[in-house]
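Below you'll find the structure, written out as C-alpha cells, and then a few comments.
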Amino acid sequence: MYTSSDLRKGLKVEIDKQPWVVTEFDFCKPGKGQALYRCKLKNMLTGATMDKTYRPNDKIGKAALEERECVFSYDDGTNYVFSDDKTYDEIYVSHRILEESASFLLENSKCKILLFNQIPIDVTLPTFIEKVVVDTEPGVRGDTATNVQKNARLDNDYELQVPLFVNTGDVVKIDTRTGEYMERVSKA
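Under the working numbering, the residues of the sequence shown are numbered 453 to 640, in order.
Structure follows, in C-alpha cells:
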C-alpha cells in the first residue's frame with residue numbers, strides 16, 4: 453500500500469480493481485486544517501480520467517503491474533504475438549492496444565509489455581527504428597530555405613515528413629514515440 457505522501461506524477465496505483473496512473477499532482481496546505489494531495493488520474497485500461505483528493509493518512513493500493521522483455525513474433529490477424537525472452541511463452545496483444553504505433557513493429561524487435569493481472573495493457577517499442585523510403589519526390593535544386601520538408605512513404609506504408617535531401621531508397625531513422633524523422637542512415 454502507498455500512503456498519500458508517496459503520490460507523484462507517473463505513479464501507478466490501483467483503485468476499484470483498475471490500474472490508474474497519476475498524470476498531475478498538487479500538494480496543498482491550507483492555513484487551517486490538514487494538507488491535501490490533489491491528483492489527476494488516468495485509467496490505464498479505458499483511458500478515462502478523474503480528479504481525486506487524498507488526506508495525509510489515506511492509503512492507496514499498489515497496482516499489480518509486471519513488465520516483461522519480449523520479442524515481436526508475428527501478427528495473427530486479431531492480435532500481435534510476442535515471445536517472452538526468458539520463458540518463451542507467447543503473449544497475445546490486441547490490435548487496439550498498439551493502434552497507430554503498429555507501423556513501427558519490426559519482426560524480432562525487442563519490446564517491453566506491461567501486464568496488469570497477466571493481461572497486456574501497454575507495449576513499449578524500441579525508441580528508434582530504421583526503414584527504407586519507397587516513394588518521395590526529388591528535392592528541387594535551389595529550394596534550400598531552412599526546414600523545408602516533403603512527404604515520404606516508407607516500406608510499411610507509413611507516411612512522414614523528411615528533409616529535401618532524402619531520396620527514394622534511402623534508409624531513415626524514425627522516433628517511434630513521435631513518428632517523426634530523425635536522420636538519414638544511408639543513401640540509396
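Beta carbons: idealized from backbone N, C-alpha and C, even for Gly.
Could you check which residue in the options has the C-alpha nearest to that of residue i?
| i | options | result |
| --- | --- | --- |
| residue 519 | 458, 622 and 570 | 570 |
| residue 528 | 517, 538, 521 and 545 | 545 |
| residue 543 | 566, 480 and 618 | 566 |
| residue 502 | 479, 467 and 575 | 467 |
Residue range of the alpha helix (DSSP H) that residue i falls in?
| i | result |
| --- | --- |
| residue 548 | 547-550 |
Quick check on residue i: does DSSP put it in helix, strand or coil?
| i | result |
| --- | --- |
| residue 617 | coil |
| residue 527 | strand |
| residue 458 | helix |
| residue 535 | strand |
| residue 554 | helix |
| residue 498 | coil |
| residue 578 | coil |
| residue 541 | coil |
Starting from residue i and walking both ways along the beta strand (DSSP E), at which residues does that stretch end?
| i | result |
| --- | --- |
| residue 633 | 632-638 |
| residue 476 | 470-480 |
| residue 625 | 623-627 |
What does DSSP give as the partner residues of residue i in its beta bridges?
| i | result |
| --- | --- |
| residue 518 | 567 |
| residue 465 | 472 and 514 |
| residue 603 | 613 |
Is it the case that the Cβ atoms of residue i and residue j are separated by a distance below 8 Å?
| i | j | result |
| --- | --- | --- |
| residue 556 | residue 626 | yes |
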